[in-house]
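**Q** Structure in C-alpha cells, see below.
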Amino acid sequence: MSLIEELARIEKDARGALLGAADEAALEDWRVAFLGRRRGRLTDALAALPTLDIAERRTVGAESNRIKNELEAALEQRRAEIRERTHKSGDQPIDVTLPGRPLPAGRLHPITQTLNEILEAFRQMGFQVAEGPEIEWDYYNFEMLRIPKYHPARDMWDTLWMDYERDGERPMLLRTHTSPNQIRIMEQTEPPIRVVVPGRCYRYEATDATHEWMMTQVEGLAVDEGISLAEFKGTLYEFARRLFGKDRKVRFRCDYFPFVEPGADVSVDCFLCDGKGCRVCGDGWIEIMGAGMVHREILENMGYDADRYTGFAFGMGVERVALNRHNVEDIRLFYQNDLRFLRQF
Ligand code: FA5
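With the working numbering as the guide, the letters of the sequence shown map in order to residues 3 to 347.
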C-alpha cells in the first residue's frame, strides 16, 4: 500500500471512529489515537516520509496536512454537538452555587401612584374609600343627578352608550363621571358621610394634551350637620397643599353642575408656565375638579332632612393631578405604555 493510500485509510477510519465518540473522554482518546504527536496513526504513517523522493514527499506532505486540518475541524464540530446535546438533555450536573436569573422588578403605574396619594390625603382627613360600577345606569349617571332625559345639561358629557335596549331606550352607559356614586352612597347611608370614590370614567371625546377618552376620577362627598362653603373650600385647599405643596396657587371659580348649588371648578396654576399661559394650560390654570355644595333637592330625594344636613361634593381628574405633580406635558403619554416614559416614575 502506498503512503497516500495509507493516509486515505487513516482518514476513513478516523471519521468513522469520531462518529462513535459520545463524550469528552472518548473524544480525547480519539485525538490521541489519530492525531497524537507521539503515537498517533497519522504521525506513525509519516515516519516513512524521509524515504520518499522529493516530488512524492511534497504530495504526501500536502495531503497529510489537509487530512490533519480537516480531522481537527471535525473534532471541534463533534465536541460542540456533544456539548449541546448534554446541555439539552440536562445530564450536566446542576451547579447550585450559580447566581439565579434576576427578575425585573415592576412598579405601580404613575396614575395608580397618584391615585394612592390622593386617597391617602383624604383618608388622613377622615374620609372613607368606596367603589362603584364602571358600567352604570342612566338613572344614576344622569337622572338622579337632576339631569333628566332631553335636558341640555346632558351635552356637558359626551356619552358612550351600551348596546342594550329596554322599552326602546338605552338605559346603560360607560359612566361619564364618578358622581353617580354620590347617589349610590346616599341611598345606602345616613349622615354623617365623608367618602371618596375612585374609578375609571369614559367619554366620547377627541383627545388632546389634557383630555383622554378614558380617565380616572375621585369623587368626594361630605354630608353632615353644619357643613358650609367654608368647610368645602378649607378641605380642598388642604388637599391641594398636601399634594402640591404650599406654594401652588389654587383657584375657585363659579361653574354649573345640575347637582350642586353653588357650583365651582377648581384649578391649580400651571406647572409648565407658572401661570403665564401656554399650549398645555391655555390661560395659566389647569382645572383639576368640578365641585360644589350638594343640591338641596338631591338631599331631599335621598330622604334627608335638608334643613338639618348640608354637604359638598367634588369630582377630581387624577390624570390632571398627575400632570401637575410630575410635570408631564401630555396626558396621552400615560396610556401609551412606553416603558421609557413609565420607568421614570
Ligand atoms: C364632572 O365630571 C363632575 N361630575 C364633577 C363634579 C362632581 C361636580 C361633584 C360637582 C360635584 P367635569 O366634566 O368637569 O365634571 O370633570 C371633572 C374633572 O375630571 C375635570 O376637572 C378634569 O380634571 C377631569 N376630566 C374631565 N374630562 C376629562 C378628560 N377627557 N380627560 C382627562 N380628565 C378629564
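Just so you know, even glycine gets a beta-carbon here, dropped at the ideal spot from N, CA and C. None of these values were measured; they are calculated from a predicted model.
Near R244, which residues of its chain fall below 6 Å by C-beta distance, leaving aside the five closest residues on each side in sequence?
**A** Mapped onto the sequence shown, residue 244 falls at position 242. For R244, where only same-chain residues beyond five positions count, the Cβ hits under 6 Å are A123.
**Q** Going by beta-carbon coordinates alone, are H213 and E221 separated by less than 9 Å?
**A** Counting from one through the sequence shown, the residue named residue 213 turns up at place 211. Counting from one through the sequence shown, the residue named residue 221 turns up at place 219. Going by C-beta atoms, H213 is not nearer than 9 Å to E221.
**Q** Roughly how many angstroms separate the alpha carbons of Y311 and V199, rounded to a whole number?
**A** Along the sequence shown, one-based indexing puts residue 311 at 309. Along the sequence shown, one-based indexing puts residue 199 at 197. So the two alpha carbons sit approximately 21 Å from each other.
**Q** Can you name, in chain order, every residue of its own chain whose Cβ lies under 7 Å from the Cβ of P2, other than the five neighbours on each side?
**A** As shown, the chain starts at 3 and ends at 347. That puts residue 2 outside it, with no answer to give.
**Q** I believe A47 touches L20 by the beta-carbon criterion, under 8 Å. Please report the beta-carbon distance rounded to the nearest angstrom.
**A** Stepping through the sequence shown from its first residue, residue 47 is reached at position 45. Stepping through the sequence shown from its first residue, residue 20 is reached at position 18. The Cβ separation is near 18 Å, so there is no contact.
**Q** Straight-line CA distance for L162 to R87?
**A** By one-based count along the sequence shown, residue 162 stands at place 160. By one-based count along the sequence shown, residue 87 stands at place 85. Answer to the nearest angstrom: the Cα atoms are 58 Å apart.
**Q** What first and last residue would you give for the alpha helix (DSSP H) that runs through I187?
**A** Mapped onto the sequence shown, residue 187 falls at position 185. That run of the alpha helix (DSSP H) goes 182 to 190.
**Q** Hey, would you say L9 sits closer than 9 Å to I69, going by beta carbons?
**A** By one-based count along the sequence shown, residue 9 stands at place 7. By one-based count along the sequence shown, residue 69 stands at place 67. Cβ atoms of L9 and I69: closer than 9 Å.
**Q** From this set, D276, H153, E138, H179, which residue's C-alpha is nearest D165's C-alpha?
**A** Taking the first residue of the sequence shown as position 1, residue 165 is located at position 163. Cα-wise, what sits closest to D165 is E138.
**Q** Rounded to whole angstroms, how far is the Cβ of G284 from the Cβ of D271, which I believe are closer than 8 Å?
**A** If you number the sequence shown from 1, residue 284 lands on position 282. If you number the sequence shown from 1, residue 271 lands on position 269. Not a contact, Cβ separation roughly 12 Å.
**Q** Could you tell me the alpha carbon to alpha carbon distance between F129 and N118, rounded to whole angstroms?
**A** Here residue 129 refers to the residue found at position 127 of the sequence shown. Here residue 118 refers to the residue found at position 116 of the sequence shown. Those two C-alpha atoms are separated by around 13 Å.
**Q** State the beta-bridge partners of E221 as determined by DSSP.
**A** Taking the sequence shown and counting its residues from 1, the one referred to as residue 221 is at position 219. Answer is V199, G317, bridged to E221.
**Q** Using 8 Å as the cut-off, can you tell me whether the segment 299 to 315 makes contact with the segment 251 to 258, which would need three or more C-beta pairs spanning the two stretches below that distance?
**A** The segment 299 to 315, when compared against the segment 251 to 258, does not touch it at the 8 Å Cβ threshold.
**Q** Spatial neighbours of R172 within its chain, please: CB distance less than 8 Å, with the 5 preceding and 5 following residues excluded, ordered by chain position.
**A** Position 170 of the sequence shown, counted from the first residue, corresponds to residue 172. Hits under 8 Å: D140, W163, M164, D165, Y166.
**Q** Give the C-beta separation of K341 and P112 to the nearest angstrom, bearing in mind that I take them to be a contact with Cβ-Cβ under 8 Å.
**A** On the sequence shown, residue 341 is found 339 positions in, with the first residue counted as 1. On the sequence shown, residue 112 is found 110 positions in, with the first residue counted as 1. Looking at the sequence shown, residue 341 is not Lys but Leu. With a Cβ gap of about 12 Å, L341 and P112 do not count as contacting.
**Q** In the DSSP assignment, the alpha helix (DSSP H) including M33 goes from what residue to what residue?
**A** Here residue 33 refers to the residue found at position 31 of the sequence shown. This sequence places Arg at residue 33; Met is not what is there. That run of the alpha helix (DSSP H) goes 26 to 37.
**Q** Determine the burial state of Q219: buried for a count of at least 16 other Cβ atoms within 10 Å of its Cβ, exposed for fewer.
**A** On the sequence shown, residue 219 is found 217 positions in, with the first residue counted as 1. That one is buried.
**Q** Grab me the residues of E240's own chain with a C-beta within less than 7 Å of its C-beta, minus the 5 sequence neighbours each way, in chain order.
**A** The residue you call residue 240 lines up with position 238 of the sequence shown. The answer, listed in chain order, is M127.
**Q** Please confirm whether any heavy atom of ligand 1 lies closer than 8 Å to the CB of P290.
**A** The count along the sequence shown starts at 1 and reaches residue 290 at position 288. According to the sequence as given, residue 290 is Ile; it is not Pro. Yes, the beta carbon of I290 sits closer than 8 Å to at least one heavy atom of ligand 1.
**Q** Any chance you could list the beta strand (DSSP E) runs of at least 3 consecutive residues sitting entirely within the segment 201 to 262, in chain order?
**A** As far as the segment 201 to 262 is concerned, its whole beta strand (DSSP E) runs of at least 3 residues are 216 to 227, 252 to 257.
**Q** Okay, do the segment 100 to 110 and the segment 50 to 62 touch, 3+ Cβ pairs below 8 Å being the bar?
**A** The segment 100 to 110 vs the segment 50 to 62: no contact.
**Q** Opposite L162 in the DSSP bridges: which residues?
**A** Position 160 of the sequence shown, counted from the first residue, corresponds to residue 162. DSSP, once it has assigned bridges, lists L176 as partnering L162.
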